[in-house]
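Only one structure is covered here, and it is reproduced in the block below.
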Amino acid sequence: MLELTAFGYGVITASALLIGAVVGIYLRPQERVVAVVMAFGSGTLISALAFDLIEEAYHKSGFWALAAGFVLGALMFTAFNHWLDKRGGYLRKPSTQRHFVLKKKQELASEILGELSKVHILRSLPPEEVQGLVPFVESIHYKKGKRIFEQGDKGDALYLMRSGQINITVRSKSQVLDEAAETSVATLDPGDSFGEMALLTGEVRSASAIALTDVDLWRITKQNFDHLIASSPSLTLAVSRLLALRLSTTTLQRAEAEKDRMRWQEAALANASVNITPLEERALVERDVGSKSAPLAIFLGVVLDGLPESLVIGAGISAEKSIEFSFIVAVFISNLPEAMSSAAGMQRNAYSTKKILGLWGSLVLLSGIVAVIGNIFLSSAPVFVLAIAESIAAGAILAMLADTMMPEAYEHGGPYVAMATVAGFLIAFFFNRLL
């Protein structure tokens, strides 16, 4: 009977997730409204932590055991959440998407801009503009013997060598259909680039490129480069000058050219660390939306957000007592805006309504199951063990608030969230102490 009660409470509190997802998808409330509700929910949950979990755990185990469990819970949540985010789990939370995408751009930039700096055409452009290409650089692999492009093909991309070797061959006009008559004119190694003029003119290929070994390349399509050109007047001017010069000459000596390349790379990296456009963010997000690991990471991330609360609910139900009503209310209220915001964000990232509602619906059921598990293993545990479990859960919940709800609430709600948070805290305190 206690297990059934725990399951019911777990489902009731988690049902706010499904309700919030439906509201976020179909009603699409204004971001400020969601932010205020999120701040209110944060206040109620903080109050519940302080007066339902922390205070009780303190009286059962003392300060040092409480502090150890609290810190451990926060560390466990943060570490596992970071691991999931790197695999696409950040897509469930609009609050972390921009931050994580910017960090991802920095990581890509440090790897890619060193190669871009070797391309004369790109190094002649403003580094603060060219760094915008980073999210659009594609990684591509060719097997040995594979033709990357043919002489006469339309020039539609620039390639940067990462590993392997490529043979550049040409045929005369009379031999254009005779592959056996090809003449090798160059062998390209890692660090080399080819196809630069395709970015500027789109002219046909003057040679063929064949993989001598298995090769890994970076590719920048002319379409993506043109998108950047269209959004940047200064870059458009620089490209116009390059078209006029046609890479005619340079007066720099080799040593000076290397210094120039390093200065360019440093400037591009500095700009990549502080700036990201909506177009770049979209490109980086789309990389993860299509990955195989993202759906599972999103699901596990959602489970991680709700797991501590469900365990506490189950553990708090025993023959002698029931879970505090104020805690149930606080969890329900905090779940509502979290799902509203996340569902709307996932919809913008091209996840289907069916998949989103299926995710949150399955979590409702899973929350009930986790509450039952908490009831079976923790409700009758020794007082000290239960206190440690509660403090670990409290630390994880507070880490979740700091990582997800509170930053997003302030980002979209501004100063309004301060009073909403205070109101949530006071109402939860009222339920806890005065009712």
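Here the working numbering runs 593 ahead of the position in the sequence shown, where the first position is 1. Backbone N, C-alpha and C define an ideal beta-carbon position, used for all residues, glycine too. Since we're looking at a predicted model, the values are computed, not measured.
Helix, strand or coil, according to DSSP, for residue i in the structure here?
{"i": "Ser-786", "result": "strand"}
{"i": "Arg-847", "result": "Unreliable positioning characterises Arg-847 in this predicted model, as indicated by a pLDDT of 45, which lies under 50. The coordinate reading is nonetheless provided below. Helix at Arg-847."}
{"i": "Leu-753", "result": "strand"}
{"i": "Val-867", "result": "Below a pLDDT of 50, predicted positions are generally treated as unreliable, and Val-867, at 49, falls in that range; no measurement from the model is reported."}
{"i": "Ala-804", "result": "strand"}
{"i": "Thr-606", "result": "helix"}
{"i": "Thr-598", "result": "helix"}
{"i": "Ile-759", "result": "strand"}
{"i": "Glu-983", "result": "helix"}
{"i": "Ser-799", "result": "coil"}
{"i": "Ser-732", "result": "strand"}
{"i": "Lys-679", "result": "coil"}
{"i": "Lys-747", "result": "strand"}
{"i": "Asn-928", "result": "helix"}
{"i": "Thr-794", "result": "coil"}
{"i": "Ser-710", "result": "coil"}
{"i": "Ala-1016", "result": "helix"}
{"i": "Arg-685", "result": "helix"}
{"i": "Ser-561", "result": "As displayed, the chain neither begins before 594 nor continues past 1028, which places residue 561 out of reach and without an answer."}
{"i": "Asn-674", "result": "helix"}
{"i": "Asn-942", "result": "coil"}
{"i": "Ile-910", "result": "coil"}
{"i": "Thr-842", "result": "Its pLDDT being 46, under 50, Thr-842 is placed unreliably by the model, and the measurement read from it follows with that caveat. Three-state result, Thr-842: coil."}
{"i": "Arg-621", "result": "coil"}
{"i": "Gly-1007", "result": "coil"}
{"i": "Arg-764", "result": "coil"}
Is the distance from the Cβ of residue i to the Cβ of residue j below 8 Å?
{"i": "Ile-733", "j": "Thr-762", "result": "no"}
{"i": "Met-998", "j": "Ser-635", "result": "yes"}
{"i": "Phe-633", "j": "Ile-926", "result": "yes"}
{"i": "Glu-596", "j": "Val-965", "result": "yes"}
{"i": "Pro-783", "j": "Met-754", "result": "yes"}
{"i": "Ser-903", "j": "Gly-1006", "result": "no"}
{"i": "Glu-1004", "j": "Met-631", "result": "no"}
{"i": "Val-957", "j": "Ala-628", "result": "no"}
{"i": "Gly-603", "j": "Gly-961", "result": "yes"}
{"i": "Thr-671", "j": "Ala-1002", "result": "no"}
{"i": "Ala-1013", "j": "Arg-621", "result": "no"}
Where does the unbroken beta strand (DSSP E) through residue i begin, and where does it stop?
{"i": "Leu-810", "result": "808 to 814"}
{"i": "Ile-949", "result": "From DSSP, Ile-949 is part of no beta strand (DSSP E) but of the alpha helix (DSSP H) over 946 to 971."}
{"i": "Arg-740", "result": "740 to 742"}
Whose CA, out of the options, lies closest to the CA of residue i?
{"i": "Ala-980", "options": "Lys-739, Gly-617, Gly-784, Trp-657", "result": "Trp-657"}
{"i": "Tyr-752", "options": "Glu-775, Ala-1016, Leu-810", "result": "Leu-810"}
{"i": "Val-905", "options": "Ala-982, Lys-815, Lys-947, Gly-662", "result": "Ala-982"}
{"i": "Lys-653", "options": "Ala-974, Thr-946, Met-754, Ala-992", "result": "Ala-974"}
{"i": "Leu-900", "options": "Gln-690, Leu-695, Gly-988, Glu-1004", "result": "Gly-988"}
{"i": "Gly-1017", "options": "Gly-617, Ile-639, Thr-814, Glu-624", "result": "Ile-639"}
{"i": "Gly-909", "options": "Asn-674, Arg-798, Gly-788, Ile-969", "result": "Ile-969"}
{"i": "Thr-776", "options": "Arg-764, Val-616, Leu-991", "result": "Arg-764"}
{"i": "Val-924", "options": "Asp-807, Gly-601, Thr-606, Phe-600", "result": "Thr-606"}
{"i": "Ala-823", "options": "Gly-601, Val-626, Gly-725", "result": "Gly-725"}
{"i": "Val-797", "options": "Ser-984, Lys-947, Gly-745, Phe-818", "result": "Gly-745"}
What first and last residue would you give for the alpha helix (DSSP H) that runs through residue i?
{"i": "Ile-916", "result": "It is not in any alpha helix (DSSP H) - Ile-916 carries neither H nor E in the DSSP assignment."}
{"i": "Glu-775", "result": "Careful: Glu-775 lies outside any alpha helix (DSSP H) and carries neither H nor E."}
{"i": "Arg-625", "result": "624 to 641"}
{"i": "Met-998", "result": "Looking at the DSSP string, Met-998 is not in any alpha helix (DSSP H), and its letter there is neither H nor E."}
{"i": "Lys-653", "result": "648 to 654"}
Using 8 Å as the limit for Cβ to Cβ distance, is residue i near chain C?
{"i": "Ala-1016", "result": "Among the chains in the structure shown there is no chain C, since it carries only a single protein chain."}
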